[in-house]
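Asker: For the sequence shown, the positions run 322 to 461 when this note's numbering is used.
Glycine is no exception: its CB is placed at the ideal position from the N, C-alpha and C atoms.
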Amino acid sequence: MINKEMAKDYLERSLRCLEEAEISFSKKDYAGTVRRSQESLELAIKSLLRSLGVEYPREHDISEALIAERNRLPEELAREVDSLSPLVRELASLRGPAMYGYEREGIPASRAFKEEYARNVLATVRKHVKSIEAVLRKIL
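#1: So what's residue 428 in DSSP terms, helix, strand or just coil?
#2: Span of the alpha helix (DSSP H) holding residue 422?
#3: Apart from the five residues just before and just after residue 390, which ones in its own chain have a Cβ nearer than 8 Å to its Cβ?
#4: Which residues mark the beginning and the end of the alpha helix (DSSP H) in which residue 346 is found?
#5: Contact between the region 411-422 and the region 330-341: three or more CB pairs below 8 Å?
#6: Looking at chain B, is there any beta carbon in it that lies within less than 8 Å of the beta carbon of residue 431?
#7: Between which two residues does the alpha helix (DSSP H) carrying residue 367 extend?
#8: Which term fits residue 379, buried or exposed, when burial requires 16 or more other beta carbons within 10 angstroms of its beta carbon?
#9: On a CA-only basis, which of 363, 396, 457 is nearest residue 413? Give me that one, please.
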């Protein structure tokens with residue numbers, strides 16, 4: 322189902338999550354940076370898929386849906402799928418640790434992620450989210 326209102330809402334929330342990721346990074350909250358970056362990317366992709374009428378799985382790892390719908394994506398985004406889908410998968414797997422840490426090992430979230438990793442995640446997610454936003458602003 323195409324629902325432009327839902328797609329717009331997802332996009333706006335994606336951009337807010339990206340802002341929150343940037344704030345987290347500036348405060349040296351690297352786990353928060355990873356978590357909010359993941360949420361931003363997930364919402365941006367779900368906004369894109371919703372705008373195309375794609376019913377995606379109700380889960381955080383939507384990499385397979387992205388791959389399956391590659392041919393329906395605008396060309397500039399279809400080119401990003403090969404780099405985007407592994408990132409979506411990786412970040413979805415880190416949602417829990419970014420919130421709770423590695424409880425069995427006794428590692429809190431605040432020690433689970435290094436500055437360099439958080440910086441790279443944030444920069445890569447920002448690039449993808451801004452690409453998706455540019456496309457969606459034309460159609461929403």
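Answerer: Considering the structure as presented:
#1: For this step, residue 428 is matched to residue 107 along the sequence shown. In the structure shown, residue 428 falls within a strand segment according to DSSP collapsed to helix, strand and coil.
#2: In the sequence shown, residue 422 corresponds to position 101, counting from 1. No alpha helix (DSSP H) holds residue 422; DSSP gives it neither H nor E.
#3: Numbered from its first residue, the sequence shown carries residue 390 at position 69. Closer than 8 Å at the Cβ level, and outside the excluded window around residue 390, lie 370, 373, 375.
#4: Numbered from 1 along the sequence shown, position 25 holds the residue referred to as residue 346. That run of the alpha helix (DSSP H) goes 325-347.
#5: no
#6: Annotation note: the requested chain B is absent from the structure, which comprises a single protein chain.
#7: Within the sequence shown, the letter at position 46 stands for residue 367. First-last of the alpha helix (DSSP H) with residue 367: 351-372.
#8: By one-based count along the sequence shown, residue 379 stands at place 58. With fewer than 16 Cβ atoms within 10 Å of its Cβ, residue 379 is classed as exposed.
#9: As a first step, residue 413 is located in the sequence shown; it is residue number 92 there, counting from the start. Nearest of 363, 396, 457 to residue 413, Cα basis: 363.
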